[in-house]
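Numbering-wise (this note's numbering), the sequence shown opens with residue 10 and increments by one.
We treat Cβ as the ideally placed atom computed from N, Cα and C, and that holds for glycine.
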Amino acid sequence: MNSQAKGSGLVGYNVQAAVDAKHHLIVTHEVTNIGSDRSQLSKMAMAARDAMGKDKLQALADRGYFNGTELKACEDAGIATYVPKPMTSGAKAQGRFDKSDFIYIARDDQYQCPAGERAIYRFDTIERNGLNARVYWTSACPRCSMKDECTTSDYRRIRRWEHEQVLERVQRRLDRKSDAMTLRRRTVEHVFGTLKHWMGSTHFLTKTLAHVSTEMSLHVLAYNLKRVMRILGIAKTMKAMQLVGA
């Protein structure tokens with residue numbers, strides 16, 4: 010599996026899992042050899058929705074899953090996502106204004122900068138990741154008294170993805186649900202912690218993606234059975250299994 014360091018890897022697998030917040034049952038899972046979670050959100054969320062037989066779903070994930078195209082795919086599928094944006098702003102790290110400090114005025118298609126000036130639309134561009142974006146800046150930058158706190162260039166350029174409103178809706182949902190990430194942690198992290206405790210320090214005992222996927226499925230089955238027995242009790246669980254088998 011590729012690691013985050015360029016040109017390096019490790020012997021391991023990335024386990025994706027969706028867990029329901031009410032009963033802490035694993036709704037769906039998948040084993041991959043992709044080292045990043047950024048392309049996994051919509052696939053797992055849709056699989057969870059289908060497994061639960063729901064038309065709509067709320068999906069909570071950590072910032073490692075933040076990806077514009079994945080968030081849009083979820084929204085298009087009727088899935089409301091709660092995913093915090095990674096804190097990777099170079100400008101903010103250097104003590105300058107971050108993009109979040111610029112307020113988008115939708116009716117005018119302009120940004121208001123921290124100095125109160127309006128950054129207007131200038132042209133369209135295609136970003137390195139292949140996404141279409143609109144570029145904005147204000148002509149007031151060269152004479153602005155706050156320029157040193159904003160940019161080292163002649164003008165502070167603001168880029169807006171063509172579907173930026175999707176990301177803004179995600180952020181508004183997070184702002185309204187302040188405990189979303191606490192709920193996420195006590196739901197899925199508990200499951201992963203339990204499974205790792207059962208599996209021991211060596212974790213997977215098999216090799217190759219197919220074999221590891223089978224091994225993980227057995228762990229998930231055992232976990233869910235124990236959860237159901239805890240929720241329903243052994244007698245009701247056995248009765249339910251007999252009804253399903255019939």
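*Identify the residues that DSSP records as bridge partners of Ile167: which are they?*
Ile167 is bridged to Tyr145.
*asked:* With H, G and I counted as helix, E and B as strand and the rest as coil, what does DSSP make of His212?
replied: Coil at His212, not helix or strand.
_Segment contact flag, the segment 138 to 153 with the segment 165 to 180, C-beta cutoff 8 Å, min 3 pairs_ = With the cut-off at 8 Å, the segment 138 to 153 and the segment 165 to 180 touch.
*What did DSSP end up calling Gln103 once you bin it into helix, strand or coil?*
coil
*Which of the three DSSP states, helix, strand or coil, is assigned to Leu69?*
strand
*Assuming Asn233 contacts Leu34 under a Cβ cut-off of 8 Å, what Cβ separation, rounded to an integer in Å, is found between them?*
5 Å
*asked:* In the DSSP output, what is Asp133 paired with across the bridge?
replied: Arg143
_Gly44 (DSSP reduced to helix, strand or coil)_ = Three-state result, Gly44: coil.
*Could you say which of Ala100, Ala82, Ala128, Leu183 lies nearest to Arg72 if we only look at CA atoms?*
Leu183
_Cβ contact check for the segment 74 to 83 and the segment 91 to 100: 3 or more pairs under 8 Å_ = yes
*Counting only the same chain and skipping the five closest in sequence on each side, list residues whose C-beta sits under 7 Å from that of Val197.*
Cβ within range, chain order: Ala26, Val28.
*Ala27 - containing alpha helix (DSSP H), residue span*: That residue, Ala27, is in no alpha helix (DSSP H); its beta strand (DSSP E) goes 23 to 28.
*asked:* Alpha carbons only, please: which of Thr41, Ala100, Leu204 is nearest the one belonging to Glu158?
replied: Here the closest residue by C-alpha is Ala100.
*With DSSP as the reference, please indicate the residues paired to Glu39 in a beta bridge.*
Paired residue(s): Gln25.
*asked:* So, under 8 Å CB-CB, His32 and Arg236 are touching, yes? Tell me the CB distance rounded to an integer number of Å.
replied: Rounded, the Cβ-Cβ distance is 7 Å, consistent with contact.
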